[in-house]
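Reviewing the structure listed below.
There are 2 protein chains.
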Amino acid sequence: MPQSDSGLSFRVIHRDGEARAGEMITPHGVVRTPAFAPVGTRGAVKGLTHRDVVGLGAEIVLANTYHLELRPGARLVARAGGLHRFIGWDRPILTDSGGYQVFSLGDRRTIDEDGVSFRSHLDGSRQRLTPESATDIQARLGSDVAMAFDECTSFPASGAEAEASMRRTLRWARRSRARFLALRDDPGRLRGEVTNPGQAQFGIVQGSVYEGLRAASARATTALGFEGYAIGGLSVGEPVDVMYRVVAGTARLLPDDRVRYLMGTGMPDDLVESVAAGIDLFDCVLPTRNARNGQLLTRGGPLSIKRAEFADDARPPDPGCRCYTCRRYSRAYLRYLHVAGEMTGRTLNTLHNLHFYLDTMRRMREAILFGTFESFRQRFHETFSRRPRS
Amino acid sequence: MPQSDSGLSFRVIHRDGEARAGEMITPHGVVRTPAFAPVGTRGAVKGLTHRDVVGLGAEIVLANTYHLELRPGARLVARAGGLHRFIGWDRPILTDSGGYQVFSLGDRRTIDEDGVSFRSHLDGSRQRLTPESATDIQARLGSDVAMAFDECTSFPASGAEAEASMRRTLRWARRSRARFLALRDDPGRLRGEVTNPGQAQFGIVQGSVYEGLRAASARATTALGFEGYAIGGLSVGEPVDVMYRVVAGTARLLPDDRVRYLMGTGMPDDLVESVAAGIDLFDCVLPTRNARNGQLLTRGGPLSIKRAEFADDARPPDPGCRCYTCRRYSRAYLRYLHVAGEMTGRTLNTLHNLHFYLDTMRRMREAILFGTFESFRQRFHETFSRRPRS
Numbered sequence: 050m051p052q053s054d055s056g057l058s059f060r061v062i063h064r065d066g067e068a069r070a071g072e073m074i075t076p077h078g079v080v081r082t083p084a085f086a087p088v089g090t091r092g093a094v095k096g097l098t099h100r101d102v103v104g105l106g107a108e109i110v111l112a113n114t115y116h117l118e119l120r121p122g123a124r125l126v127a128r129a130g131g132l133h134r135f136i137g138w139d140r141p142i143l144t145d146s147g148g149y150q151v152f153s154l155g156d157r158r159t160i161d162e163d164g165v166s167f168r169s170h171l172d173g174s175r176q177r178l179t180p181e182s183a184t185d186i187q188a189r190l191g192s193d194v195a196m197a198f199d200e201c202t203s204f205p206a207s208g209a210e211a212e213a214s215m216r217r218t219l220r221w222a223r224r225s226r227a228r229f230l231a232l233r234d235d236p237g238r239l240r241g242e243v244t245n246p247g248q249a250q251f252g253i254v255q256g257s258v259y260e261g262l263r264a265a266s267a268r269a270t271t272a273l274g275f276e277g278y279a280i281g282g283l284s285v286g287e288p289v290d291v292m293y294r295v296v297a298g299t300a301r302l303l304p305d306d307r308v309r310y311l312m313g314t315g316m317p318d319d320l321v322e323s324v325a326a327g328i329d330l331f332d333c334v335l336p337t338r339n340a341r342n343g344q345l346l347t348r349g350g351p352l353s354i355k356r357a358e359f360a361d362d363a364r365p366p367d368p369g370c371r372c373y374t375c376r377r378y379s380r381a382y383l384r385y386l387h388v389a390g391e392m393t394g395r396t397l398n399t400l401h402n403l404h405f406y407l408d409t410m411r412r413m414r415e416a417i418l419f420g421t422f423e424s425f426r427q428r429f430h431e432t433f434s435r436r437p438r439s
Numbered sequence: 050m051p052q053s054d055s056g057l058s059f060r061v062i063h064r065d066g067e068a069r070a071g072e073m074i075t076p077h078g079v080v081r082t083p084a085f086a087p088v089g090t091r092g093a094v095k096g097l098t099h100r101d102v103v104g105l106g107a108e109i110v111l112a113n114t115y116h117l118e119l120r121p122g123a124r125l126v127a128r129a130g131g132l133h134r135f136i137g138w139d140r141p142i143l144t145d146s147g148g149y150q151v152f153s154l155g156d157r158r159t160i161d162e163d164g165v166s167f168r169s170h171l172d173g174s175r176q177r178l179t180p181e182s183a184t185d186i187q188a189r190l191g192s193d194v195a196m197a198f199d200e201c202t203s204f205p206a207s208g209a210e211a212e213a214s215m216r217r218t219l220r221w222a223r224r225s226r227a228r229f230l231a232l233r234d235d236p237g238r239l240r241g242e243v244t245n246p247g248q249a250q251f252g253i254v255q256g257s258v259y260e261g262l263r264a265a266s267a268r269a270t271t272a273l274g275f276e277g278y279a280i281g282g283l284s285v286g287e288p289v290d291v292m293y294r295v296v297a298g299t300a301r302l303l304p305d306d307r308v309r310y311l312m313g314t315g316m317p318d319d320l321v322e323s324v325a326a327g328i329d330l331f332d333c334v335l336p337t338r339n340a341r342n343g344q345l346l347t348r349g350g351p352l353s354i355k356r357a358e359f360a361d362d363a364r365p366p367d368p369g370c371r372c373y374t375c376r377r378y379s380r381a382y383l384r385y386l387h388v389a390g391e392m393t394g395r396t397l398n399t400l401h402n403l404h405f406y407l408d409t410m411r412r413m414r415e416a417i418l419f420g421t422f423e424s425f426r427q428r429f430h431e432t433f434s435r436r437p438r439s
């Protein structure tokens with residue numbers, strides 16, 4: 050089976066309800082699940098050095114195929130020996146397929162059955178991505194987990210639109226998988242540019258908010274034998290209860306012995322609910338992007354550090370938090386740095402937010418291992434509120 | 050003598066020619082000299098966290114009175130318990146007097162005998178600094194070393210202009226010192242806002258490039274009994290050999306048992322030549338600012354990381370360097386981060402440049418202690434060239 054051919058394996062160590070604690074073993078080390086992958090869009094988590102990211106306990110990061118292909122180019126990365134060597138990060142890396150970024154380009158892209166044509170956001174140059182080229186690019190990057198090239202269905206979508214989009218994603222999944230397996234059989238097809246022979250590939254389930262479409266997508270995608278499965282097309286504007294319903298409904302249709310990855314989500318309470326539904330892996334720009342915008346995520350909920358009331362506030366952002374930022378700095382200083390536009394403020398906020406996310410994942414894993422996940426979940430929701438804290 | 054009243058003491062441990070290795074003891078710890086103070090203009094070294102700065106081995110940082118008074122305001126800092134507590138840095142801090150920034154404002158400021166009126170670069174509001182208010186502001190900030198309020202003579206200046214400016218600096222030095230001593234005698238004058246009772250105050254020698262004026266300034270300034278002495282008004286456009294001549298000529302006129310501080314200088318070879326002339330302490334924005342602009346300073350000289358030839362260069366910026374950046378990252382990656390505008394690139398470049406500066410200081414100190422400073426100096430100049438490296 051593909052699982053043994055790829056360098057990736059996954060096992061569930063403990064279950065608590067639908068929640069799972071597991072281990073994803075990759076060519077660059079183990080990721081203990083449930084896990085959160087900080088986003089390093091262009092090969093760096095914005096504002097942090099890799100040692101900061103390692104210090105936070107991150108075991109995997111995400112990098113974006115679209116951005117890296119446009120600059121510096123996957124061929125340059127391959128010449129450097131792959132993304133791990135190029136960026137100097139020796140732990141696991143997950144790359145998206147580029148599909149999501151391309152679809153976000155709006156009228157700068159056109160989709161046909163073969164793939165997507167678009168203009169670079171950097172220089173307006175004409176570019177093209179297909180299931181095959183997105184697979185090749187990721188082979189050059191040499192991530193540990195590559196993603197099949199999918200069409201991210203926009204929201205809202207009618208049933209017919211969602212079905213057409215889901216079917217196209219399926220056809221593209223077959224082509225992505227065929228290309229991936231062909232490269233695995235004969236890496237020479239890329240003339241020495243396959244930089245991680247143990248790379249795994251995950252398929253993506255689409256189908257918008259329609260239960261029947263999600264089920265059909267899950268059935269057909271899992272039949273292709275990917276090493277893991279992602280749920281795509283969520284956190285795109287749908288109400289949160291709808292998202293929870295789709296996650297729960299889809300997760301249970303995915304193979305029990307493969308990683309389940311919820312793409313691009315979300316707020317901390319989304320992660321808790323999704324782990325409860327059996328999700329193992331997450332990525333999201335929210336903790337890092339919001340940090341740079343001055344929004345700290347704490348156990349009590351979001352805290353906007355720019356508020357004038359914090360000008361003289363000597364308390365740490367989250368008094369219960371053990372992160373470097375909260376152990377060392379006051380709200381007053383962080384507010385000042387934010388208002389002054391100091392880079393260091395963005396770094397300190399990012400350290401806090403990622404610590405909160407990664408720590409929440411660790412707490413969830415521990416609760417699952419101890420069989421106390423339900424009480425963790427209840428306590429979490431009792432404390433955390435999405436409404437900004439005063 | 051004032052030396053014992055202030056929390057600052059200084060002793061020379063070893064000499065090698067004019068070069069000195071010493072210890073400056075402050076209320077927040079020891080600074081081993083010769084020492085370089087990274088610039089944290091607004092209470093943060095741009096792009097670094099304090100733990101990064103400590104990890105680099107910095108024993109003192111500089112913060113700018115002008116910037117901190119405009120925002121967040123020294124009174125707010127005093128309410129937080131002083132600058133150390135406000136910014137979460139527990140090692141020594143040196144503050145400038147604000148004079149240099151104010152004079153840099155050009156036509157946004159007017160000078161009279163009492164002080165300087167200017168418009169804030171932030172919001173255009175009318176502001177005023179005098180020797181007394183600059184002293185009060187620094188008392189509120191509670192730095193370990195405060196500076197007398199001086200007029201930084203511009204370059205070039207005629208002998209008459211330079212003398213007038215130097216005489217004004219002297220009159221302002223007397224007022225700065227009087228105010229400082231009055232606050233030391235009775236901190237209650239600032240109604241609880243004096244946050245570091247052990248603060249020391251340094252006088253500043255001016256006189257442009259004129260030997261006689263420098264001598265007169267040194268004589269009259271040292272007569273005021275400051276805890277240490279700075280050489281100001283250099284690195285303002287004069288030729289480098291002129292600067293070296295003025296530094297050497299002035300340093301020998303300063304008391305042997307007090308810290309000698311060369312303000313706002315300079316390139317690495319400037320530091321070596323100034324240590325050779327008997328300087329103990331430096332600050333300069335160059336390593337941090339140039340890092341953000343993509344100029345790395347190495348043993349061989351400056352290296353502009355943005356050059357296209359580095360796109361595929363797997364070597365570290367400086368193969369002989371032991372800093373985190375050079376141990377972990379390639380020129381190719383740093384070039385890419387710079388071109389992509391990633392914050393992390395600015396951070397990594399800053400870590401390298403400050404390491405190079407601080408390491409150069411440590412090597413100089415060691416050479417002085419071993420009596421091998423002259424051979425260090427020769428080897429340094431054989432390797433280091435100001436011309437950009439290819």
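Residue numbers (this note's numbering), protein chains in the order written: chain A, 50 to 439; chain B, 50 to 439. The beta-carbon is built from N, C-alpha and C at its ideal position, and this holds for glycine as well. In this text the structure is predicted, and so the values were computed from the model without any measurement.
Next on the checklist: Run through chain B and tell me which residues come within less than 8 Å of threonine 98 of chain A, C-beta to C-beta.
Outcome noted: Residues of chain B with a Cβ closer than 8 Å to the Cβ of threonine 98 of chain A are, in chain order, Tyr373, Thr393, Thr396, Leu397, Leu400.
Checklist entry - Quick one, which of A:Ala249, A:Met292, A:Gly327, A:Ala269 has its alpha-carbon nearest valine 61 of chain A's? => result Of all alpha-carbon atoms in A:Ala249, A:Met292, A:Gly327, A:Ala269, the one lying nearest the alpha-carbon of valine 61 of chain A is that of A:Gly327.
Next on the checklist: Taking a contact to mean a Cβ-Cβ separation below 8 Å, would you say phenylalanine 85 of chain B touches methionine 316 of chain B in this structure?
Outcome noted: The Cβ-Cβ distance between phenylalanine 85 of chain B and methionine 316 of chain B does not fall below 8 Å.
Next on the checklist: Would alanine 267 of chain B and glutamate 67 of chain B be called neighbours here (beta carbons separated by less than 8 Å)?
Outcome noted: Going by C-beta atoms, alanine 267 of chain B is not nearer than 8 Å to glutamate 67 of chain B.
Next on the checklist: Whether or not the stretch 110 to 129 of chain B and the stretch 422 to 436 of chain B are in contact is what I'm after, with contact meaning three or more pairs of Cβ atoms, one per stretch, closer than 8 Å; do they touch?
Outcome noted: Here the stretch 422 to 436 of chain B does not lie against the stretch 110 to 129 of chain B, with fewer than 3 beta-carbon pairs under 8 Å apart.
Item to check | threonine 299 of chain A versus aspartate 362 of chain B: straight-line alpha-carbon distance, rounded | outcome: If you draw a straight line from the Cα of threonine 299 of chain A to the Cα of aspartate 362 of chain B, it is about 46 Å long.
Checklist entry - Distance, Cα to Cα, phenylalanine 331 of chain B vs methionine 312 of chain B? => result Roughly 6 Å separates the two Cα atoms.
Checklist entry - Can you tell me the Cα-Cα spacing of leucine 335 of chain B and arginine 341 of chain B, whole angstroms? => result Distance between the alpha carbons of leucine 335 of chain B and arginine 341 of chain B: 10 Å.
Checklist entry - Measuring CB to CB, does tyrosine 115 of chain A end up less than 8 Å from glycine 147 of chain A? => result With respect to the 8 Å criterion, tyrosine 115 of chain A and glycine 147 of chain A are classified as neighbours on the basis of their beta carbons.
Checklist entry - Hey, is serine 361 of chain B's beta-carbon within less than 8 Å of any beta-carbon in chain A? => result Per the sequence presented here, residue 361 of chain B reads as aspartate, with serine not at that position. Among the residues facing chain A, aspartate 361 of chain B is included, as its CB has a counterpart in that chain under 8 Å away.
Next on the checklist: In whole angstroms, give me the CA-to-CA distance for glycine 261 of chain A and glycine 208 of chain A.
Outcome noted: Between glycine 261 of chain A and glycine 208 of chain A, the C-alpha separation is close to 10 Å.
Checklist entry - Are at least three pairs of beta-carbons, each pair with one atom in the stretch 389 to 405 of chain B and one in the stretch 69 to 83 of chain B, less than 8 Å apart? => result Contact between the stretch 389 to 405 of chain B and the stretch 69 to 83 of chain B is absent: fewer than 3 CB-CB pairs across the two stretches fall below 8 Å.
Checklist entry - Between which two residues does the alpha helix (DSSP H) containing valine 388 of chain A stretch? => result 380 to 389 is the span of the alpha helix (DSSP H), which, as asked, contains valine 388 of chain A.
Checklist entry - For valine 151 of chain A versus arginine 158 of chain A, is the C-beta spacing smaller than 8 Å? => result Pairing valine 151 of chain A with arginine 158 of chain A gives a Cβ-Cβ distance under 8 Å.
Checklist entry - Using the rule of at least 16 other Cβ atoms within 10 Å of the residue's Cβ for burial, across every protein chain shown, is threonine 179 of chain B buried or exposed? => result So threonine 179 of chain B counts as buried.
Checklist entry - In the structure shown, what three-state DSSP assignment does alanine 325 of chain A receive? => result In this structure, alanine 325 of chain A counts as helix in the three-state DSSP scheme.
Checklist entry - In angstroms, rounded to a whole number, what distance separates the CA positions of valine 79 of chain B and tyrosine 149 of chain B? => result Each residue's Cα considered, the two are about 27 Å apart.
Checklist entry - Using DSSP with H/G/I as helix, E/B as strand and the rest coil, what is aspartate 331 of chain A? => result In the sequence as presented, aspartate is not what sits at residue 331 of chain A; that position holds phenylalanine. Three-state result, phenylalanine 331 of chain A: strand.
Next on the checklist: Quick test of your reading: threonine 446 of chain A and glycine 282 of chain A, contact by CB under 8 Å. State the CB separation rounded to the nearest angstrom.
Outcome noted: Nothing can be reported for residue 446 of chain A, as the shown portion of chain A is limited to 50 through 439.
Checklist entry - Would you call lysine 355 of chain A buried or exposed, if buried means 16 or more other Cβ atoms sit within 10 Å of its Cβ? => result Exposed, since its Cβ has fewer than 16 Cβ neighbours within 10 Å.
Next on the checklist: Give me, in chain order, the residues of the same chain whose beta-carbon lies closer than 8 Å to that of tyrosine 259 of chain B; leave out the 5 immediate sequence neighbours on both sides.
Outcome noted: Hits under 8 Å: Gly208, Ala211, Glu212.
Checklist entry - Between threonine 337 of chain A and tyrosine 406 of chain A, what straight-line distance do the alpha-carbon atoms span, to the nearest angstrom? => result Straight-line Cα distance between these residues: approximately 10 Å.
Checklist entry - According to the Cβ coordinates, are leucine 105 of chain A and leucine 320 of chain A closer than 8 Å? => result Cβ distance not < 8 Å, so leucine 105 of chain A and leucine 320 of chain A don't count as in contact.
Checklist entry - Can you tell me the Cα-Cα spacing of leucine 352 of chain A and glycine 369 of chain A, whole angstroms? => result Each residue's alpha carbon lies about 14 Å from the other.
Item to check | Residue ranges of each beta strand (DSSP E) within the stretch 169 to 205 of chain B, 3 or longer | outcome: Runs of the beta strand (DSSP E) inside the stretch 169 to 205 of chain B: 175 to 178, 194 to 196.
Checklist entry - In three-state terms, what does DSSP make of phenylalanine 275 of chain B? => result In the structure shown, phenylalanine 275 of chain B falls within a coil segment according to DSSP collapsed to helix, strand and coil.
Next on the checklist: Does chain A have any CB closer than 8 Å to the CB of tyrosine 1 of chain B?
Outcome noted: The question about residue 1 of chain B has no answer, for chain B in this structure spans 50 to 439.
Checklist entry - Cα separation between glycine 155 of chain B and arginine 120 of chain B? => result Within the model, the alpha-carbon separation for glycine 155 of chain B versus arginine 120 of chain B is close to 20 Å.
Checklist entry - In three-state DSSP terms, what is proline 288 of chain B? => result Proline 288 of chain B falls in the coil class under three-state DSSP.
Checklist entry - Hey, how far is the Cα of aspartate 65 of chain A from the Cα of glutamate 415 of chain A? => result Those two C-alpha atoms are separated by around 11 Å.
Checklist entry - Under a three-way DSSP split, which group does arginine 435 of chain A fall into? => result It is coil, neither helix nor strand.
Next on the checklist: Helix, strand or coil, according to DSSP, for proline 351 of chain B in the structure here?
Outcome noted: Three-state result, proline 351 of chain B: strand.
Item to check | Span separating the alpha-carbon of serine 257 of chain B from that of phenylalanine 204 of chain B | outcome: Cα to Cα, the separation comes out at about 7 Å.
Checklist entry - So, helix, strand or coil for histidine 63 of chain A, using DSSP? => result Strand at histidine 63 of chain A.
Checklist entry - Hey, is the stretch 212 to 230 of chain B in contact with the stretch 292 to 306 of chain B, meaning 3+ C-beta pairs nearer than 8 Å? => result The stretch 212 to 230 of chain B and the stretch 292 to 306 of chain B do not touch, with fewer than 3 CB-CB distances between them shorter than 8 Å.
Checklist entry - First and last residue of the alpha helix (DSSP H) that includes arginine 69 of chain A? => result No alpha helix (DSSP H) contains arginine 69 of chain A, which is instead part of the beta strand (DSSP E) from 68 to 75.
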